[in-house]
Amino acid sequence: MRRKTAAKAPVEESIVNKELFEALAALDRERGISQEYMLEKLEIALLSAYRKEYHGNENAVVKIDPLKQEAKIFKVYTVVETVLNEESEMTLEEARKHSAAYQIGDTVELEIKTRTFGRSAAQAAKQVIVQGIREAERGMIIREYEDKKEEIVSAVVVRVDPTTGNATLEIGKNEMVLFRHEQIPNESLQVGDRIKVFVTEIKKESKKDGSIRSSVVLSRVHPGMVRRLFELEVPELKDGTVEIVSIAREPGSRTKISVRSNDENVDPIGACIGQKGARKNLVTDELCGEKIDIIPYSEEKEQYVSAALAPAAVDEVIKLPDSDRSYRAIVADDQLSLAIGKEGQNARLAAKLTGLKIDIKSRKLLEGSVE
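This is the structure:
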């Protein structure tokens, strides 16, 4: 005799009803989540609820008819001569109680009424559907921001975690996290602040279940942030008349950028600074007062190194014989500390900007060593 499953306390209504299909249609209209995608998730949800109700048994199929707005679960049995597994097999005699046409080896599908599912099964189904919506929305965000990679977007701070310092930003209709290490060191973001952030990359990570989790990485410390901010303020950069060649940045403290003009009638430094420093000041304000040195790019490495060490005045730059990328900058004694900068910052940024190794010596010290 076949074992019967004990009856469960019924929920108030079926897991699947007309309202559910209407909700899926609304998701398609209002959020752009396709009904086809959500019907796939509905099938998974119903199977999840079935497994929850029947202790992990797998012998079930789901049939969904969106036109009739109905979804049904069928428990599947194989018709056999001798039943070895009552959960997945039935005798020919039992099968013919449903249809005289059944033969050995056929499968019998018996509908399971979702109304009889317990609350835990219904909750399992709901969780799968909600997770499906979240995954779809995340996927839409990822696709949207793939086109905005290495661009600047405007955001509003909606939350700041007091423990981690991570800030939740509202960007359009989406919420994203700006991690503390991607914030400018000396800035203190507050709820309601309007800021600009740089879309660094779309990061993809493999999860334990083999799936791929994607996330949008935002930053206010990336050098590309400075480039895009200047492009927003300087039309000559946008149209290609002036070009940023290189950027070296220590966020919150100082940035050096080298520029050149593709039009001999346009001064690249003047274009970036703007009238009375207006353009440069707008960028500085967005970066919490970060100092910005704008220097002219030169194909002549000696000139480039000399300019990169601004605001120090450099007397002479000579190429060192030990390497094609090693240069010595000679400065007056009173310019040495300025050329090196506090904790070596000016020299460090100049080397990063030019991509060269720079040895800074005072003329007095150098002449003394020669003697």
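Residue 1021 in our numbering is what sits at position 116 of the sequence shown, and the numbering runs on without skipping anything.
Even glycine gets a Cβ: it sits at the ideal position worked out from N, Cα and C.
On a predicted model such as this, the values are computed, not experimentally measured, just so you know.
Kindly list the residues whose CB is nearer than 7 angstroms to the CB of residue i, restricted to its own chain and excluding five residues on each side of it in sequence; keep chain order.
i: M1045; result: G937
i: T1146; result: S1166, N1167, D1168, V1171
i: D1037; result: Reading the sequence as shown, one finds Gly at residue 1037 and not Asp. Hits under 7 angstroms: M943, K946.
i: E1141; result: V1147, V1171, A1176
Tell me where the alpha helix (DSSP H) around residue i begins and ends.
i: K1018; result: Where K1018 is concerned, there is no enclosing alpha helix (DSSP H), given that its DSSP letter is neither H nor E.
i: S1242; result: 1241-1245
i: I1178; result: 1173-1178
Helix or strand or just coil, what does DSSP make of residue i?
i: F1084; result: coil
i: K1266; result: strand
i: V1063; result: strand
i: I1009; result: coil
i: N1186; result: helix
i: L1123; result: strand
i: E1106; result: strand
i: K946; result: helix
Based on DSSP bridge pairs, tell me the residues matched to residue i.
i: V966; result: F979
i: T1069; result: In the DSSP output, where bridge partners are listed per residue, T1069 has none listed.
i: V984; result: M995
i: V1147; result: S1166
i: N990; result: Per DSSP, none; premise fails for N990.
i: L1074; result: V1062, M1081
i: R1099; result: V1061
Taking the continuous beta strand (DSSP E) assigned at residue i, which residues delimit it?
i: V1164; result: 1159-1166
i: E1221; result: 1221-1224
i: Y1202; result: Element bounds for Y1202: n/a, residue is neither H nor E.
Identify, in the order they occur along the chain, each residue of the same chain with its Cβ nearer than 8 angstroms to the Cβ of residue i, setting aside the five sequence neighbours on each side.
i: A1244; result: L1214, A1217, V1219, A1234, V1236, N1251, A1252, I1265
i: T1012; result: V981, Y982, T983, V984
i: V1082; result: N1071, A1072, T1073, L1074, L1123
Residues in its own chain within less than 6 angstroms of residue i by CB, not counting five upstream and five downstream?
i: E1207; result: V1222
i: S1211; result: V1219, V1222
i: F926; result: Q974
i: I1149; result: R1132, I1162, V1164
Could you tell me the distance, in whole angstroms, from the CA atom of residue i to the CA atom of residue j?
i: I1057; j: S1120; result: 17 angstroms
i: D970; j: A976; result: 6 angstroms
i: K1108; j: V1122; result: 7 angstroms
i: T987; j: L1015; result: 19 angstroms
i: A930; j: L972; result: 12 angstroms
i: T910; j: Q1008; result: Confidence is the limiting factor: at T910 the pLDDT is only 34, short of 50, which leaves the residue's position unreliable and the question unanswerable from this model.
Comparing the C-beta of residue i with each C-beta of chain B, is any distance below 8 angstroms?
i: E1051; result: Note that chain B does not occur in the displayed structure, where there is just one protein chain.
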